[in-house]
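Numbering (this note's numbering), first residue to last: 210 to 600. Worksheet: one structure, shown below.
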């Protein structure tokens, strides 16, 4: 091959390789570059309760937290809970709240620690009292306005469609106008989901809410085999309106000590896995895990004395499996950078590429120098020494 042809070949080869700079620059650990994201991993949000005092553990409990019988005022406990939740693939807590001096103090504490741990929060408003009776509408409306004005602007709150996520629990106990009286004043600033239990319930309030978060903690996949159809129907109706659907899943249920009669066996994680996959099939905008620490109804996944961390282990496997089917969470509101390649990978791969390009330029320069030398020799009437490279 002549020197000119070889130089042309090398230049073309160089230009072709320059096109792969982005792939080398962002590829992780030297492997092939990842394909551009085509979707995002569905966020997992766990319902979280801040009502615990020392005396709470003396009533209606058959198991206790491994971390001890805590108070919801203990910052050490809250930090450990958030770190354990993150490690298991939970993206945020849906904090149960209504305005009282104690709840407001505890919410601020959770907000502070969650922000430090880069963990997200949402709010579910408890519209029913301890006896499952609806609270006065004026009080609920005032509390939603207080949440908007006092808490919601904090970036720790998870946003969907640009607004902090909130849920109005117990909407089935209120008529349409009562719900509207609560939601209309705040929907410019907050995303307010109902907690209806059917398509008809959701549609009753569709014009005054932004979707639905179904808190279905007691479903038994064995005795209610048609429940996937119900979740799918709710998803289709809600998404048909362009609204938000949060699908429920739970590890089991037993509320007999608080007046219930139904139980759902945990089956060493099988129930949790079945309910997660069923929720996933309904194309949710977020998963609603019931729950982190509801010890009275025994839906908790928080590590406990009897169960250890078994359910966080199962949850981690489920979330990781879901991540292999979809792109990692890449939501600016979530603040999750775990899916990004490390700085070391980018710098290392870029340095390799620079050295490679520099080497090619060096070869081109050497060949050009030899060609000039050969031409000079011809002009002087001498025979140049043939380079092995120019053959």
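Quick reminder that beta carbons are idealized off the backbone N, C-alpha and C, glycines included.
query                                                                                        : result
Proximity below 8 Å, CB of residue 398 to CB of residue 372                                  : yes
Residue 426 beta carbon less than 8 Å from that of residue 459                               : yes
Contact the region 275–283 vs the region 519–526: 3+ CB pairs below 8 Å                      : no
Residue 202 versus residue 319: straight-line alpha-carbon distance, rounded                 : A query on residue 202 cannot be resolved here, the shown segment of the chain reaching from 210 to 600 and no further.
Helix, strand or coil at residue 412 [DSSP, three-state]                                     : helix
Spatial distance of residue 505 from residue 455 (CA atoms)                                  : 23 Å
Residue 274 and residue 511 closer than 8 Å at C-beta                                        : yes
Residue 419 burial status per 10 Å Cβ neighbour count (16 or more: buried)                   : buried
Reduced DSSP category for residue 284 - H, G, I as helix; E, B as strand; rest coil          : helix
Beta-carbon spacing of residue 502, residue 257 below 8 Å                                    : yes
8 Å Cβ cutoff met for residue 515 and residue 272                                            : yes
Residue 469: first and last residue of the uninterrupted alpha helix (DSSP H) it sits in     : Here residue 469 belongs to no alpha helix (DSSP H), and DSSP marks it neither H nor E.
Alpha-carbon spacing of residue 374 relative to residue 517, whole angstroms                 : 31 Å
C-alpha gap between residue 478 and residue 461, whole angstroms                             : 9 Å
Contact check, residue 467 vs residue 429, beta carbons under 8 Å                            : no
Residue 302 and residue 255 closer than 8 Å at C-beta                                        : yes
Alpha-carbon to alpha-carbon, residue 329 and residue 369                                    : 12 Å
DSSP three-state assignment for residue 394, whether helix, strand or coil                   : coil
Exposed unless 16 or more other CB atoms sit within 10 angstroms - verdict on residue 431    : exposed
Own chain, CB closer than 7 Å to residue 527, minus 5 neighbours either side, in chain order : 482 and 485
DSSP three-state assignment for residue 526, whether helix, strand or coil                   : helix
Residues sharing a beta bridge with residue 457, DSSP                                        : 497
Element boundaries [beta strand (DSSP E), containing residue 375]                            : 372–378
Enclosing beta strand (DSSP E) for residue 256 [first to last residue]                       : 253–257
Through-space distance from residue 276 to residue 380, alpha-carbon basis                   : 34 Å
Beta strand (DSSP E) segment containing residue 417, residue limits                          : Counting along the chain, residue 417 falls outside any beta strand (DSSP E), and DSSP gives it neither H nor E.
Residue interval of the alpha helix (DSSP H) (run including residue 322)                     : 310–325
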